[in-house]
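K.L.:
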Amino acid sequence: MSTNTIIRFDQVSKVYDDKPVLQEVSFELERGKFYTLLGPSGCGKTTILRLIAGFIEPSTGLMEFNGKPLNKIPANKRQVNTVFQDYALFPHLNVFENIAFGLRIKKMKEAEVKKKVNQALSFVNLSGYEYRSIDEMSGGQRQRVAIARAIVNEPEVILLDEPLSALDLKLRTEMQYELRELQQRLGITFVFVTHDQEEALAMSDYIFVLNEGVIQQSGTPTDIYDEPINRFVADFIGESNIVKGTMVKDQLVQFANKTFDCVDGGLNPNEPVEVVIRPEDLSLVSTGKGKLEARIDSQLFRGVHYEICCFDEQGNEWLVHSTKKAEVGESIGLDFEAEAIHIMRLGETEEEFDKRLESYGDQQDA
Ligand SMILES: Nc1ncnc2c1ncn2[C@@H]1O[C@H](COP(=O)(O)OP(=O)(O)OP(=O)(O)O)[C@@H](O)[C@H]1O
Numbered sequence: 062m063s064t065n066t067i068i069r070f071d072q073v074s075k076v077y078d079d080k081p082v083l084q085e086v087s088f089e090l091e092r093g094k095f096y097t098l099l100g101p102s103g104c105g106k107t108t109i110l111r112l113i114a115g116f117i118e119p120s121t122g123l124m125e126f127n128g129k130p131l132n133k134i135p136a137n138k139r140q141v142n143t144v145f146q147d148y149a150l151f152p153h154l155n156v157f158e159n160i161a162f163g164l165r166i167k168k169m170k171e172a173e174v175k176k177k178v179n180q181a182l183s184f185v186n187l188s189g190y191e192y193r194s195i196d197e198m199s200g201g202q203r204q205r206v207a208i209a210r211a212i213v214n215e216p217e218v219i220l221l222d223e224p225l226s227a228l229d230l231k232l233r234t235e236m237q238y239e240l241r242e243l244q245q246r247l248g249i250t251f252v253f254v255t256h257d258q259e260e261a262l263a264m265s266d267y268i269f270v271l272n273e274g275v276i277q278q279s280g281t282p283t284d285i286y287d288e289p290i291n292r293f294v295a296d297f298i299g300e301s302n303i304v305k306g307t308m309v310k311d312q313l314v315q316f317a318n319k320t321f322d323c324v325d326g327g328l329n330p331n332e333p334v335e336v337v338i339r340p341e342d343l344s345l346v347s348t349g350k351g352k353l354e355a356r357i358d359s360q361l362f363r364g365v366h367y368e369i370c371c372f373d374e375q376g377n378e379w380l381v382h383s384t385k386k387a388e389v390g391e392s393i394g395l396d397f398e399a400e401a402i403h404i405m406r407l408g409e410t411e412e413e414f415d416k417r418l419e420s421y422g423d424q425q426d427a
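Numbering (our numbering), first residue to last: 62 to 427.
1. Thinking C-beta only, is E398 closer than 8 Å to Q278?
2. Return the CA-CA distance between F115 and K94, expressed in angstroms with no decimal places.
3. Any heavy atom of ligand 1 closer than 7 Å to the CB of S344?
4. Check this for me: beta carbons of G105 and Q72, under 8 Å apart or not?
5. What three-state label does DSSP hand V365 in the structure shown?
6. Following a CB-centred definition, is V82 positioned closer than 7 Å to any heavy atom of ligand 1?
7. Consult DSSP for R92 and reduce its assignment to one of helix, strand or coil.
8. When the distance is taken between beta carbons, is M405 closer than 8 Å to E335?
9. Hey, quick one: how far does the beta strand (DSSP E) through Y77 stretch, first residue to last?
10. Helix, strand or coil: which one does DSSP assign to R205?
11. Can you give me the start and stop residues for the alpha helix (DSSP H) that S279 sits inside?
12. Going by DSSP, what residues sit across from A355 in a beta bridge?
13. Quick check on this structure: which residue in D196, R339, N179, E173 has the alpha carbon closest to the alpha carbon of G189?
14. Shorter than 7 Å, the distance from the beta carbon of G103 to the closest heavy atom of ligand 1, or not?
15. Thinking C-alpha only, which one of E259, F251, V309, D222 is nearest D296?
16. Closest to A227 by CA distance: which of Q245, E388, R205, E217 is it?
17. Going by Cα to Cα distance, which pick from G376, T384, C371, K416 is closest to G394?
18. Cα-Cα, which of N142, P101, G103 is closest to I113?
19. If we count the other Cβ atoms within 10 Å of its Cβ and call it buried at 16 or more, is Y238 buried or exposed?
20. With a threshold of 7 Å (Cβ to nearest heavy atom), would L97 be considered close to ligand 1?
21. Give me, in chain order, the residues of the same chain whose beta-carbon lies closer than 8 Å to that of A181; leave out the 5 immediate sequence neighbours on both sides.
22. Which word fits T97, buried or exposed, when buried means at least 16 other C-beta atoms lie within 10 angstroms of its C-beta?
23. Should R363 go down as buried or exposed, given a rule of 16 or more other Cβ atoms within 10 Å for buried?
24. Within a Cβ cutoff of 8 Å, which residues of the same chain sit near L187, ignoring the five residues on either side of it in sequence?
25. How many angstroms separate the CA atom of K175 from the CA atom of F184?
26. Ignoring anything shorter than 4 residues or poking outside the stretch 132 to 193, list the alpha helix (DSSP H) runs there in chain order.
27. On the premise that Q424 lies in contact with A387, defined as a C-beta separation below 8 Å, what is that separation, rounded to the nearest angstrom?
28. What would DSSP say about R406, mapped onto helix, strand or coil?
29. Tell me where the beta strand (DSSP E) around V336 begins and ends.
30. State the Cα-Cα distance for the pair I432 and L221, rounded to the nearest angstrom.
31. In terms of residue numbering, what span does the alpha helix (DSSP H) encompassing D222 cover?
32. Work out the CA separation of Y421 and G326 for me, nearest whole Å.
33. Candidates S383, S74, G306: which alpha carbon is nearest V86's?
34. When the distance is taken between beta carbons, is P289 closer than 8 Å to V324?
Structure representation (structure tokens):
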């Protein structure tokens, strides 16, 4: 365990009425980082937050906070504060009293309460709003009050459960910047829950992708985007072209009835695989000039690019992001680099994937 580890889960499971909702989840969270739990509805994201906060107990497994078993620390003594999706503000209290609530429970002296609330308000750019009622605050301002209420207690970890989901797209993007910047200024650990992959990629130092109570993959946003380990992650994070193929040998893969150089290895000769190429890694060229021949089926203008759908001669569908317009029905060539081809071994776990990458990398270096 690194000395910087603040929270550790070791094979933590949670079962409700015989239904496993978290299955042997293990991770370590470091101090001062922005972590995101990303996954579809019902995958267990909130369950992880509730376990950390102490609202529920695990069925099996070990949880530690600063190296101490978490179950020995009562919920109200944990150095953790939660920002809920609906903010859970008290409508009958003004902004100041909402933020001061936790401090008053601790029976802090009035002068100290004032100092801390004002500091928290200034952190979230709401100085001057202390005596407003909650009803007079906009969605984005309420969001900031909820964050101020969490930071005023100076927790070591803040848990945020889909805190931006009630905001419209523009405000949501603004708050993404604000939250990320606030986390960096405060230097405390944030554990942020979302089902929005773009939000996760934009904000996090590190992402855990969950599905059906299992961590599918964890890593930095670029790790996960560039090297998805399975179809679920590749589909969930960004748009992907996924086709069936065969790994002929290291750095040589066959798909769409052709053989291509690639950079992956460490698989068995002639092993069936799935091949991922991101739409932005494909380019449209003149027919005969690319690696695959295809015909344009449809296109949509998306503002920054055209999203073009085409089919190769084997009937595989390819989505291409292109700044150039194409003609529906036109024959074109599809081109891509060896580095754009990502190989996914069928049924490979994250642990197996990491081991393979490590031993293949060592072989390459030798
Ligand atoms: N108290 C409970 N009793 C029974 N089942 C529960 C309970 N709480 C959660 N679950 C189930 O556990 C699973 C995981 O729930 P959780 O709230 O962690 O998902 P989530 O990923 O946060 O989803 P969402 O994005 O919809 O909030 C779901 O199938 C949910 O129905």
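Note that beta-carbon positions come from the ideal geometry of N, C-alpha and C, so glycine has one too.
P.N.:
Taking the definition as stated:
1. Against the sequence shown, residue 278 aligns to sequence position 217. Against the sequence shown, residue 398 aligns to sequence position 337. When the beta-carbon positions are compared, Q278 and E398 stay at least 8 Å from each other.
2. Mapped onto the sequence shown, residue 115 falls at position 54. Mapped onto the sequence shown, residue 94 falls at position 33. The question names Phe, yet the displayed sequence has Gly at residue 115. The straight-line gap from Cα to Cα measures roughly 21 Å.
3. To locate residue 344, count along the sequence shown from 1; it is residue 283. It does not: the Cβ of S344 is nowhere closer than 7 Å to a heavy atom of ligand 1.
4. Taking the first residue of the sequence shown as 1, we reach residue 105 at position 44. Taking the first residue of the sequence shown as 1, we reach residue 72 at position 11. Contact: no.
5. Residue numbering aside, residue 365 sits at position 304 when the sequence shown is read from its first letter. Assignment of V365 by DSSP, reduced to helix, strand and coil, places it in the coil class.
6. Looking up residue 82 in the sequence shown gives position 21. Flag set: Cβ of V82 near ligand 1.
7. In the sequence shown, counting from the first residue as 1, residue 92 sits at position 31. Note: R92 maps to coil in three-state DSSP.
8. As a working note, residue 335 is residue 274 in the sequence shown. As a working note, residue 405 is residue 344 in the sequence shown. Against a cut-off of 8 Å, the Cβ pair of M405 and E335 comes out as a contact.
9. Position 16 of the sequence shown holds residue 77. From DSSP, the beta strand (DSSP E) with Y77 extends over 66 to 77.
10. What you label residue 205 is simply residue 144 of the sequence shown in a count that begins at 1. Reduced to three states, the DSSP call for R205 is helix.
11. Counting from one through the sequence shown, the residue named residue 279 turns up at place 218. Premise fails: S279 lies in the beta strand (DSSP E), 275 to 280, not in any alpha helix (DSSP H).
12. Counting from 1 along the sequence shown, the entry for residue 355 is found at position 294. Under DSSP, A355 takes part in a beta bridge, and its partners are D373, I393.
13. Against the sequence shown, residue 189 aligns to sequence position 128. Nearest Cα to G189 within the set D196, R339, N179, E173: N179.
14. Along the sequence shown, read from residue 1 onward, the residue named residue 103 stands at position 42. The answer is yes for G103.
15. Numbered from 1 along the sequence shown, position 235 holds the residue referred to as residue 296. Comparing Cα-Cα distances from D296 to each of E259, F251, V309, D222, the minimum goes to E259.
16. By 1-based counting over the sequence shown, the position of residue 227 is 166. Looking at the Cα atoms, R205 is the closest of the given residues.
17. Mapped onto the sequence shown, residue 394 falls at position 333. Comparing alpha carbon positions, the residue from G376, T384, C371, K416 closest to G394 is C371.
18. Sequence index remark: in the sequence shown, residue 113 carries index 52 (1-based). Selected option, being the one with the closest Cα: N142.
19. For this step, residue 238 is matched to residue 177 along the sequence shown. Classification for Y238: exposed.
20. As a first step, residue 97 must be located in the sequence shown, where it is residue number 36. Residue identity check: residue 97 is Thr in the sequence provided, not Leu. Every heavy atom of ligand 1 is 7 Å or more from the Cβ of T97, so no.
21. As a first step, residue 181 is located in the sequence shown; it is residue number 120 there, counting from the start. Here the set comprises I160, A209, R210, I212, V213.
22. Counting from one through the sequence shown, the residue named residue 97 turns up at place 36. Label assigned to T97: buried.
23. For the purposes of this step, residue 363 is taken as the residue at position 302 of the sequence shown. With fewer than 16 Cβ atoms within 10 Å of its Cβ, R363 is classed as exposed.
24. Within the sequence shown, numbered from 1, the residue matching residue 187 stands at position 126. V156, Q202, R205, V206, A209.
25. As a first step, residue 175 must be located in the sequence shown, where it is residue number 114. As a first step, residue 184 must be located in the sequence shown, where it is residue number 123. Computed Cα separation, rounded: 14 Å.
26. Those alpha helix (DSSP H) runs which fall completely within the stretch 132 to 193 and span 4+ residues are 156 to 166, 171 to 184.
27. By one-based count along the sequence shown, residue 387 stands at place 326. By one-based count along the sequence shown, residue 424 stands at place 363. Their Cβ separation, rounded to whole angstroms, is 41 Å, which puts A387 and Q424 out of contact at 8 Å.
28. As a working mapping, residue 406 is identified with position 345 in the sequence shown. Under the three-state reduction of DSSP output, R406 falls in the strand class.
29. Within the sequence shown, the letter at position 275 stands for residue 336. Taken as a continuous stretch (DSSP letters only), the beta strand (DSSP E) holding V336 covers 332 to 338.
30. In the structure displayed, the chain extends from 62 to 427; residue 432 sits before or after that span and is not available.
31. By 1-based counting over the sequence shown, the position of residue 222 is 161. No alpha helix (DSSP H) contains D222, which is instead part of the beta strand (DSSP E) from 218 to 222.
32. Within the sequence shown, numbered from 1, the residue matching residue 326 stands at position 265. Within the sequence shown, numbered from 1, the residue matching residue 421 stands at position 360. Those two C-alpha atoms are separated by around 6 Å.
33. Locating residue 86 in the sequence shown gives position 25, where the first residue counts as 1. Closest by alpha carbon: S74.
34. The residue labelled residue 324 in the question sits at position 263 within the sequence shown. The residue labelled residue 289 in the question sits at position 228 within the sequence shown. Not closer than 8 Å, so no.
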